[in-house]
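Colleague: The C-terminal residue of the sequence shown carries number 222 in numbering that gives the first Met the number 0, and the numbering is unbroken.
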Amino acid sequence: MKGPAVIALVLTIVIGTTLLAYPLMLYFYEPIYNHASYPGYTMMTYYGKTVPVNEAMMGVVSVPSYVKVFPANDTAVINSNYVELTVYAMMGSMAEKITGQSMPAYAHGDVFVIYGLINPTLVFDAGGRPVTLIITVINLDDDMYHNFVLTAQSPPYSYMVGPGMMAFSGGFIEMMPYLPPASNGNAYTYSYSVQLQGQNTFWYICTYPGHAENGMYGEIVIE
Ligand SMILES: [Cu+2]
0 MKGPAVIALV LTIVIGTTLL AYPLMLYFYE PIYNHASYPG YTMMTYYGKT
50 VPVNEAMMGV VSVPSYVKVF PANDTAVINS NYVELTVYAM MGSMAEKITG
100 QSMPAYAHGD VFVIYGLINP TLVFDAGGRP VTLIITVINL DDDMYHNFVL
150 TAQSPPYSYM VGPGMMAFSG GFIEMMPYLP PASNGNAYTY SYSVQLQGQN
200 TFWYICTYPG HAENGMYGEI VIE
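#1: Who does Val136 pair with in a DSSP beta bridge?
#2: The beta strand (DSSP E) spanning Glu218 covers which residue range?
#3: Counting along the chain, where does the alpha helix (DSSP H) carrying Val52 start and finish?
#4: Rounded to whole angstroms, what is the Cα-Cα separation between Gly115 and Val62?
#5: Name, in chain order, the residues that DSSP records as bridge partners for Met159.
#6: Which one of His107, Asn78 and Tyr144 has the shortest CA to CA distance from Val130?
#7: Tell me which residues share the same chain as Thr74 and place their Cβ nearer than 7 Å to its Cβ, disregarding the 5 neighbours each side in the sequence.
#8: Closer than 7 Å from C-beta to any heavy atom of ligand 1: which residues, in chain order?
#9: Note the first and the last residue of the continuous alpha helix (DSSP H) segment covering Lys1.
#10: At what residues does the alpha helix (DSSP H) containing Lys96 begin and finish?
#11: When you compare each of Tyr105, Met56 and Ile113 to Val66 by their alpha carbons, which one comes out closest?
#12: Would you kindly work out how many angstroms separate the C-alpha atoms of Leu149 and Ser157, rounded to a whole number?
#13: So, with DSSP's three-state summary, where would you put Val60?
#14: With the cut-off set at 8 Å, would you say Met89 and Leu139 are in Cβ contact?
#15: Can you tell me which of Ile221, Thr188, Pro179 and Gly209 puts its alpha carbon nearest to the alpha carbon of Met43?
#16: Just to confirm before moving on: does the CB-CB distance between Ala211 and Ile219 stay below 8 Å?
#17: Would you tell me roughly how many angstroms separate the C-alpha atoms of Gln194 and Ile6, rounded to the nearest one?
#18: Given that a residue counts as buried once 16 or more other Cβ atoms are within 10 Å of its Cβ, and exposed if not, what is His107?
#19: Going by C-alpha distance, which of Thr200, Met215 and Phe201 is nearest Tyr207?
#20: So Tyr187 and Tyr45 are in contact, right, with Cβ under 8 Å, and what is the actual spacing, rounded?
#21: Cβ of Val68 within 8 Å of Cβ of Ala94?
#22: Near Val52, which residues of its chain fall below 8 Å by C-beta distance, leaving aside the five closest residues on each side in sequence?
#23: Pull up the distance between the alpha-carbon of Asn199 and that of Pro103, whole angstroms please.
Take a look at the structure:
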């Protein structure tokens with residue numbers, strides 16, 4: 000074969016493989032995940048389980064027996080090493096209406112509601128032992144994507160917190176895809192479990208561009 004023919008053959012193989020790879024990837028990941036890539040950034044979205052918004056609303060202010068809430072300090076003290084943490088993502092105004100609490104001064108947009116508090120500091124009274132968290136994230140926001148990610152990096156956060164944090168040593172403790180906005184009375188939900196160890200401070204954040212920057216985050220203290 001002559002030079003141009005070899006180049007044409009190589010190009011055909013490369014382009015053909017690339018064109019085939021994406022549909023194959025979608026075939027294997029749909030309907031659970033949908034990937035969209037932007038320069039330096041991959042958005043992974045979860046289209047799995049949903050829960051009726053009405054039903055989810057009933058749990059927003061509920062507090063398990065092993066949790067003590069201190070609304071004045073926006074703090075929850077958790078006295079267990081096996082913790083079910085249900086996290087509700089929503090607009091700040093909605094959070095204030097449901098919880099009767101004010102948003103923290105640093106929060107200017109969307110927030111998390113946990114144990115009926117807005118972006119609370121979660122203090123785990125773990126006695127030096129590891130804490131297992133069973134995290135369920137429910138997106139009650141009807142016009143925005145959200146996730147709930149644990150990190151060792153403290154605020155402030157940049158607009159593109161995701162890619163920056165991947166490069167940061169320590170990075171994420173646990174990553175999760177974005178939950179699409181609630182639609183037709185159903186909210187998207189995603190669960191995962193993570194074990195935190197040692198007397199340490201962590202942060203929970205939403206990595207959707209701009210959200211953590213605008214205060215969609217809170218602190219975790221393991222004691
Ligand atoms: Cu968000």
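For each residue, glycine too, the CB sits at the ideal point set by N, CA and C.
Modeller: Concretely, from the data shown:
#1: Its beta-bridge partners are Val86 and Tyr189.
#2: Residues Tyr216 to Ile221.
#3: Note, Val52: alpha helix (DSSP H), Val52 to Met56.
#4: Each residue's alpha carbon lies about 7 Å from the other.
#5: For Met159, which the question treats as bridged, DSSP gives no partner whatsoever.
#6: The candidate whose alpha carbon is nearest that of Val130 is Asn78.
#7: Taken in chain order, the residues that qualify are Pro119, Thr120 and Val122.
#8: Counting only heavy atoms of ligand 1, the residues whose C-beta sits closer than 7 Å to one of them are, along the chain, Ala88, Asp109, Met143, Tyr144, His145, Asn146, Cys205, Tyr207, His210 and Met215.
#9: Per DSSP, Lys1 lies in no alpha helix (DSSP H) and is assigned neither H nor E.
#10: Counting along the chain, Lys96 sits inside the alpha helix (DSSP H) bounded by residues Gly91 to Thr98.
#11: Nearest Cα to Val66 within the set Tyr105, Met56 and Ile113: Ile113.
#12: Going by C-alpha positions, Leu149 is about 16 Å away from Ser157.
#13: DSSP, read as helix, strand or coil, puts Val60 in coil.
#14: Yes, the pair counts as a contact, with Cβ atoms nearer than the cut-off.
#15: For Met43, the closest of Ile221, Thr188, Pro179 and Gly209 by C-alpha to C-alpha distance is Pro179.
#16: It is not a contact, given that the beta carbons lie outside the stated cut-off.
#17: Approximately 51 Å, taken between the alpha carbons.
#18: By the neighbour-count definition (other C-beta atoms within 10 Å, threshold 16), His107 is an exposed residue.
#19: Minimum Cα distance to Tyr207 is reached at Met215.
#20: The pair is a contact, with the Cβ atoms about 7 Å apart (cut-off 8 Å).
#21: In this structure, Ala94 does not lie closer than 8 Å to Val68 by Cβ.
#22: Once the five neighbours on either side are set aside, the close Cβ partners of Val52 are Leu139, Ala181, Gly184, Asn185 and Ala186.
#23: Near 22 Å, if we compare the C-alpha coordinates of Pro103 and Asn199.
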